[in-house]
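These notes are about the structure you will find just below.
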Amino acid sequence: MPDICDLILDDHEVFRRRFAELDDERRSDPRTVAPLWEALAEHLERHAAAEEDVFYPDVLDRLDEGEHEAHHAVRDHNKIRDAIRRVADAEPGTEAWWAAVDAANEENSDHMAEEERGPLSAFRQAGIEDVRKELGQRFIDFNLEHAGGRELDTDDVDPDAYVEERGTG
Ligand SMILES: [Fe+2]
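Okay, so the sequence shown: first residue is 630 according to my numbering, each after it adds one.
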């Protein structure tokens, strides 16, 4: 059975690997690096949206620090979205493009570390295996539904409104 904590951690490992591959290709042709980035950007967007749809509503309800954690995560996701937009505005392979890719890497790696130490760790410690599996299945379903970025909303999310509206009660 899928487990939400493992699925999120698996995505984080993929992100670390993909950013490392972009480091390896720092001297390569723009035609090589642009598609590598495009695939990574799509995955980063889908991952953030899937977490906001499936994981953080439960974080909001379940954890004592849920409101703080969810608010913080949404703000981090917006920073990552902003960095992705800055990459899209630059010419692939230019200094400005790489600077924006590096900024996305920094925002994302800071966020992943906090998520792993915070809510992911709390969920593992909470003895809620059934919930983790149910959320895991929904995380998979969300990713299938929006594979390749299909009908994925990549706009910023208002963290105040999110915390207000998304608790599942
Ligand atoms: Fe996240």
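We put the beta carbon where it would ideally sit given N, CA and C, even for glycine. The structure presented is a predicted model; accordingly, all values stated were derived computationally and were not measured.
Could you pull out every residue in the same chain whose Cβ sits closer than 8 Å to the Cβ of residue i, ignoring the five residues on either side in sequence?
i: Leu-749; result: Cys-634, Ile-637 and Leu-638
i: Asp-789; result: His-700
i: Val-643; result: His-672
Report yes if the C-beta distance between residue i and residue j is below 9 Å; otherwise report no.
i: Val-786; j: Leu-689; result: no
i: Ile-713; j: Ala-670; result: yes
i: Pro-686; j: Ala-699; result: yes
i: Gly-765; j: Asp-652; result: no
i: Phe-768; j: Glu-680; result: yes
i: Arg-715; j: Ile-757; result: no
Return the first residue and the last residue of the alpha helix (DSSP H) that residue i is part of.
i: Asp-785; result: Counting along the chain, Asp-785 falls outside any alpha helix (DSSP H), and DSSP gives it neither H nor E.
i: Thr-723; result: Looking at the DSSP string, Thr-723 is not in any alpha helix (DSSP H), and its letter there is neither H nor E.
i: Glu-750; result: It should be pointed out that residue 750 corresponds to Ser in this sequence rather than to Glu. Note, Ser-750: alpha helix (DSSP H), 750-754.
i: Asp-640; result: 633-653
i: Val-688; result: 685-691
i: Asp-770; result: 758-774
i: Glu-698; result: 695-718
i: Glu-671; result: 659-679
What does a CB cutoff of less than 6 Å around residue i pick up in its chain, not counting 5 residues either side in sequence?
i: Glu-650; result: none
i: Asp-585; result: Residue 585 is absent from the structure shown; the chain starts at 630 and stops at 798.
i: Glu-743; result: none
i: His-641; result: Met-741
i: Asn-707; result: Asp-785
By Cβ distance, which residues of its chain are closer than 7 Å to residue i, with the 5 residues on each side in sequence left out?
i: Thr-661; result: Glu-654
i: Asp-725; result: Checking the displayed sequence, the identity of residue 725 turns out to be Ala instead of Asp. Counting only Cβ-Cβ distances below 7 Å, and skipping sequence neighbours, we find Ala-719.
i: Arg-761; result: Asp-632, Ile-633, Cys-634 and Phe-752
i: Thr-783; result: Glu-674 and Arg-710
Using CA coordinates, which residue listed in the options is at the minimum distance from residue i?
i: Pro-664; options: Glu-680, Gly-777, Glu-794 and Pro-788; result: Gly-777
i: Arg-647; options: Gly-722, Ser-738, Gly-695 and Lys-708; result: Ser-738
i: Arg-656; options: Gly-722, Ala-729, Arg-710 and Val-730; result: Gly-722
i: Asn-734; options: Glu-720, Asp-711, Glu-694 and Glu-774; result: Asp-711
i: Ala-751; options: Glu-642, Arg-675 and Glu-694; result: Glu-694
i: Ala-717; options: Phe-771, Asp-784, Glu-667 and Leu-781; result: Glu-667
i: Pro-659; options: Trp-727, Glu-794 and Arg-779; result: Trp-727
i: His-676; options: Asn-772, Arg-795 and Ala-755; result: Asn-772
i: Met-630; options: Arg-779, Asp-759 and Arg-795; result: Asp-759
i: Arg-645; options: Arg-795, Leu-781, Gly-747 and Val-730; result: Val-730
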